[in-house]
Amino acid sequence: MNKDFDKELKEMASKSKVRESDKLKESVSKTCKNLKRKKKPVRKWIATVAASIACVLALGICFPTYAENIPVIKQAINFLNGRFELDGYESNSTEVIYSVKAGEYTVNIEDVYYDGIEISVFYNITGENPLDKSSKYWLDADIEFDESILVGVELGGGSGDGALINDNTYAGMATFYLDPYNGGVIPEVFDAMLYINNIKRINVNKDSNPTSVVVESEPMVLALDSSNIIINEYAINKEIAFEDVKININSAKKSPTGLFLNRPGITTMPVNHNLDYILWDSKKGELESIANHFEEDGTLTMQYRLPSEDGDVSIIPYVNSAYEGFDIASYRTENHLLENGKKYDFGDYGTTEIRDIVHEGNETLMKVRTTGYQSRAYFHLISDKEYSYFKPAYEKDKKVLGILDMEVTYVFDKLDPNESYYIRVPVDDEKTDFKVLTDDIIKLELN
Numbered sequence: 001m002n003k004d005f006d007k008e009l010k011e012m013a014s015k016s017k018v019r020e021s022d023k024l025k026e027s028v029s030k031t032c033k034n035l036k037r038k039k040k041p042v043r044k045w046i047a048t049v050a051a052s053i054a055c056v057l058a059l060g061i062c063f064p065t066y067a068e069n070i071p072v073i074k075q076a077i078n079f080l081n082g083r084f085e086l087d088g089y090e091s092n093s094t095e096v097i098y099s100v101k102a103g104e105y106t107v108n109i110e111d112v113y114y115d116g117i118e119i120s121v122f123y124n125i126t127g128e129n130p131l132d133k134s135s136k137y138w139l140d141a142d143i144e145f146d147e148s149i150l151v152g153v154e155l156g157g158g159s160g161d162g163a164l165i166n167d168n169t170y171a172g173m174a175t176f177y178l179d180p181y182n183g184g185v186i187p188e189v190f191d192a193m194l195y196i197n198n199i200k201r202i203n204v205n206k207d208s209n210p211t212s213v214v215v216e217s218e219p220m221v222l223a224l225d226s227s228n229i230i231i232n233e234y235a236i237n238k239e240i241a242f243e244d245v246k247i248n249i250n251s252a253k254k255s256p257t258g259l260f261l262n263r264p265g266i267t268t269m270p271v272n273h274n275l276d277y278i279l280w281d282s283k284k285g286e287l288e289s290i291a292n293h294f295e296e297d298g299t300l301t302m303q304y305r306l307p308s309e310d311g312d313v314s315i316i317p318y319v320n321s322a323y324e325g326f327d328i329a330s331y332r333t334e335n336h337l338l339e340n341g342k343k344y345d346f347g348d349y350g351t352t353e354i355r356d357i358v359h360e361g362n363e364t365l366m367k368v369r370t371t372g373y374q375s376r377a378y379f380h381l382i383s384d385k386e387y388s389y390f391k392p393a394y395e396k397d398k399k400v401l402g403i404l405d406m407e408v409t410y411v412f413d414k415l416d417p418n419e420s421y422y423i424r425v426p427v428d429d430e431k432t433d434f435k436v437l438t439d440d441i442i443k444l445e446l447n
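Mapping the sequence shown onto full-length UniProt numbering, position 359 (from 1) lands on 359, and the numbers just tick up by one.
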């Protein structure tokens, strides 16, 4: 170990461009002072260096006791941004270092994003042996805070995604949300503890239960400051309507990582149809809806991925006679055998055209053009062998050809060229319809 390690860390901290608030300094200072005198519980503590590194980054000091345990920092956040278009997180997240061993796995927390609503934790999981390419490795984690100090705020939901960086490393993202109630106010500086309970592994190509590995570790100290996060607000005040059903879009907010639309709840329930909309970006295609919550005034706020910088964002309203949605168990595969060069017509639900299939190394690349509803549906394949289904590992070379008109190259783990695969599509085409209300498309002014 380099004897000058502490000195180097101090120099790094002093040169840091991060400017933290006085509240954050005070919070981190208290955490640092408590490090040496804190008694460890009965549980077996493995390792944690998050608090000491927080002190280094925020205050320019270091503790030699923890320095020797600091792992090598990976760049999961950069990898996931390139793979899943998670724009905005890289430049607005706080670097942290936390590492814990659990069985054959090692969990490394690298970055945490906080904007006053969303908390996203970026991590990597490394294995002593190669990881399963068909599996996701998710963190089962909890965030706890002092409810006697932070009154009227609760932690809502949780989501995440991830992918393999290499054979032995998985990069992941775990997201949580803060919801105020009874007049509660979300703090600019959020102090809490992150508890990692389990690593859950689930095979995404099979309907199987996840396997878990218990993580026994000291909780990670969180002292997150959102004072530098800029939230822009926009008045929308637009309405989409079909017969007796209306949806009003009141306003929009844009954070560094997402777009939020606020609307009243639907008071008139549709009888024979569903009225909804797709948020469409002229450069990215559909902006994925990733979370929603009800405000205290009863309105609904929907969160979407961040729009492109130079594209147009529009609300594409549509009606669908199947109000209750599709029954996941009632998908069909008849007459939809996957064939290179074939175009499939699904009536009101659009078309799917297989433009090219190429097997390269350990991957199968499939260039697909879709129109209509098929441009916003997940592209999955089904095998008639044990009725397993296959999701693309990721997408690339995405092109928006028009409204609900896309060309995307889907990358699968290598498919067996000797096996039959089928395109997974909704059932009951003759009983349902999908119609875009082209005259009611709303272009959002977000500049």
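C-beta: ideal position from N, C-alpha, C; glycine also. Quick caveat: nothing in here was measured; it's all calculated off a predicted structure.
Just tell me which of the options has its CA closest to the CA of residue i.
i, options, result
"A171", "T94, E154, E233 and N81", "N81"
"S226", "D433, V112, G347 and T371", "V112"
"S99", "A377, R201, F122 and A192", "F122"
"I109", "L194, H293 and I278", "L194"
"V213", "E243, L224 and K200", "K200"
"S388", "N203, T370, D87 and P317", "N203"
"E309", "Y373, E85 and T94", "E85"
"L279", "S135, I442 and D433", "I442"
"residue 449", "D416, Q303, D167 and I290", "The requested residue 449 does not occur in the structure, where the chain is confined to residues 1 to 447."
"E360", "S375, D416 and V408", "D416"
"V96", "K133, V221, D142 and G127", "V221"
"M406", "E419, D433 and Q374", "Q374"
"D440", "P392, D297, L275 and D433", "L275"
"N168", "G152, S148 and G127", "G127"
"Y89", "Y234, T257 and G160", "T257"
"E175", "L139, D146 and A192", "Checking the sequence shown, residue 175 turns out to be Thr, not Glu. Among L139, D146 and A192, the Cα nearest to that of T175 is on L139."
Just to confirm, are residue i and residue j a CB contact at a threshold of 8 Å?
i, j, result
"E154", "Y181", "yes"
"L381", "I423", "yes"
"L284", "L446", "In the sequence as presented, Leu is not what sits at residue 284; that position holds Lys. It is not a contact, given that the beta carbons lie outside the stated cut-off."
"L131", "P187", "no"
"K238", "I249", "yes"
"T299", "R263", "yes"
"residue 457", "G350", "As displayed, the chain neither begins before 1 nor continues past 447, which places residue 457 out of reach and without an answer."
"Y410", "V436", "no"
"N196", "F79", "Here residue 196 is Ile; the residue named in the question, Asn, does not match the sequence. For I196 and F79, no; Cβs fall outside 8 Å."
"Y177", "I117", "yes"
"G156", "M173", "no"
"N198", "V185", "no"
"Y277", "I247", "yes"
"L444", "S314", "yes"
"V408", "H336", "no"
"R83", "Y394", "yes"
"S321", "N362", "no"
"L404", "R376", "yes"
For residue i, which beta-bridge partners are listed by DSSP?
i, result
"I382", "Y389 and Y422"
"R369", "E353 and E407"
"D111", "E95 and F122"
"D413", "E363"
"T106", "K101 and T126"
"T89", "For clarity, residue 89 is Tyr in the given sequence; the question names Thr instead. In DSSP, Y89 forms no bridge with anything."
"E218", "Beta-bridge pairing links E218 to no other residue."
"N320", "N274 and F434"
"D348", "Answer by DSSP bridge pairing: none, since D348 is not bridged."
Whole-angstrom Cβ separation of residue i and residue j, contact assumed at under 8 Å?
i, j, result
"V319", "F242", "5 Å"
"I119", "V107", "With a Cβ gap of about 17 Å, I119 and V107 do not count as contacting."
"L224", "T94", "7 Å"
#### Entry: Completely contained beta strand (DSSP E) runs for the region 117–201, where each covers 3 or more residues
118–127, 135–144, 153–166 and 169–180
### Query
In chain order, which continuous runs of the beta strand (DSSP E) of length 3 or greater are located wholly inside the region 233–304?
DSSP runs (the beta strand (DSSP E)) wholly in the region 233–304: 245–254, 258–263, 274–281 and 289–294.
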